[in-house]
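*Asks:*
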Amino acid sequence: MRILLVGGLGFIGKHIIRTLTDSNVLLVFENAETATRNQGFAKSHGLRVEVGDITNGARAKDVALLEKPDVVIHLAALTGIAKCNQNPSLAFATNVLGTYNVAMACMAAKSKLIFISSREVYGETASGQTREDDPLVPNNIYGLTKMLGEKLVLWAASRSGLDYTILRLTNVYGPEGEQYNVQAMIRKATTEGRIQILGGSQRMNLIYVEDVAEVVRKCLNDPSASRQTFNVGSKDDMPIEEVVCRLISALNIPVEIVQEPMRTGETLNFCPNLDRIERVLEWHARTTFDEGLKRTIEWHKERRLQDPNLD
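According to my numbering, the sequence shown holds residues 62 to 372 in order.
#1: At a cut of 8 Å, does the segment 140-158 reach the segment 120-130 through at least three beta carbon pairs?
#2: Just to confirm the assignment, what range does the beta strand (DSSP E) spanning residue 150 have?
#3: Go ahead and pull the three-state DSSP assignment for residue 39.
#4: With a Cβ-Cβ cutoff of 8 Å, do residue 121 and residue 163 count as a contact?
#5: State whether the segment 258-274 contacts the segment 282-291, with contact taken as three or more CB pairs (one from each stretch) at a distance under 8 Å.
#6: Distance, Cα to Cα, residue 62 vs residue 94?
#7: Quick check on DSSP: helix, strand or coil for residue 182?
#8: Determine the DSSP secondary structure at residue 78, reduced to helix, strand or coil.
#9: I'd like the list of long-range same chain contacts for residue 319, defined as Cβ closer than 6 Å, with 5 residues on each side in sequence excluded.
#10: For the alpha helix (DSSP H) holding residue 314, just list the boundary residues, first then last.
#11: Does the separation of the CB atoms of residue 69 and residue 138 fall below 8 Å?
#12: Hey, is the segment 166-175 in contact with the segment 216-229, meaning 3+ C-beta pairs nearer than 8 Å?
#13: Who are the near neighbours of residue 201 in its chain, counting only those whose CB is closer than 6 Å to its CB and skipping five residues on each side?
#14: Which partner residues of residue 230 appear in the DSSP bridge assignment?
#15: For the alpha helix (DSSP H) holding residue 253, just list the boundary residues, first then last.
#16: Going by the beta-carbon positions, is the gap between residue 180 and residue 230 smaller than 8 Å?
#17: Tell me whether the beta-carbon of residue 218 lies closer than 8 Å to the beta-carbon of residue 288.
#18: State the beta-bridge partners of residue 268 as determined by DSSP.
#19: For the beta strand (DSSP E) holding residue 91, just list the boundary residues, first then last.
#20: Which value, in whole angstroms, describes the spacing of the CA atoms of residue 102 and residue 113?
#21: With a threshold of 16 other CB atoms inside 10 Å of the CB of residue 357, please say whether the residue is buried or exposed.
#22: Over what stretch of residues does the alpha helix (DSSP H) that includes residue 338 continue unbroken?
#23: Please state if the CB of residue 245 and the CB of residue 312 are separated by a distance shorter than 8 Å.
#24: Between the Cα of residue 111 and the Cα atoms of 300, 321, 96, which residue gives the shortest distance?
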């Protein structure tokens, strides 16, 4: 199978590549800065990398027509509430216009599209658990742009018969991606002896990155994933304060907790209903938070041993 990963050299993309390398032809469409920074990774995994920006529709279409992938996995996005709040124009250009361009490229090349979305499209869990057919009422610009991206994928499907799968990920953690949630906490705790908590009572649903990669592999090979939208999460629901306490216990070092106000637009309570993905794909997350946290800490320690001067 020929698979094109758009934004494939980021945190989640690298784990997907490792999962798929053995039995597929993998291609990557990535911006110049990220492609340059990850030349070693691309070479070691035998990747062909096409450089470009998804905000350039002509370039996205040219790459799709040149490579003729069977499936496009669309990971490229401006992620995170703070980044999107600080630069809403870039958020809309990347997450909305960029997704439109990727969808149009898939239509031109007759490729299936797997769109990586976010739990932020929902906003708050109103009662119990959030199902895929619940209303989308995002609290922030990131969630809004992801929701609009989903709408564009559905529009393309209705217009041209585009085959698609939409995956709404909860809070992804694991080795690498040190700028993100749990990994960022580990880095701060080990390098500065402190962890900053913004709020603390917000409930997170945590999923280990290798479980996400396995979901993507499932969607590539299981026809029942066609034209479906899935919540992708785990049974690990907990407040941020509990995440921090379990992290400090696992690190077993003195750590100062610095309490700060919650960010504007933060979702206070999200709990996904996972019945659909368990029923349709017969999938569930296999990695518990304690096990995933242990692996992430071990990776971080090994990385520091290799290069003690890392920030």
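Just so it is clear, CB atoms sit at the ideal spot from N, CA and C, and this is done for glycine as well.
*Replies:* Taking the structure as given:
#1: no
#2: Counting along the chain, residue 150 falls outside any beta strand (DSSP E), though it belongs to the alpha helix (DSSP H) covering 149-153.
#3: Since the first residue of the chain shown is 62 and the last is 372, residue 39 is not available in this structure.
#4: yes
#5: no
#6: 28 Å
#7: helix
#8: helix
#9: 255, 257
#10: Neither: residue 314 is in no alpha helix (DSSP H) and is coded neither H nor E.
#11: no
#12: yes
#13: 142, 326
#14: 179, 293
#15: 242-253
#16: yes
#17: yes
#18: 233
#19: 86-91
#20: 18 Å
#21: buried
#22: 336-341
#23: no
#24: 96
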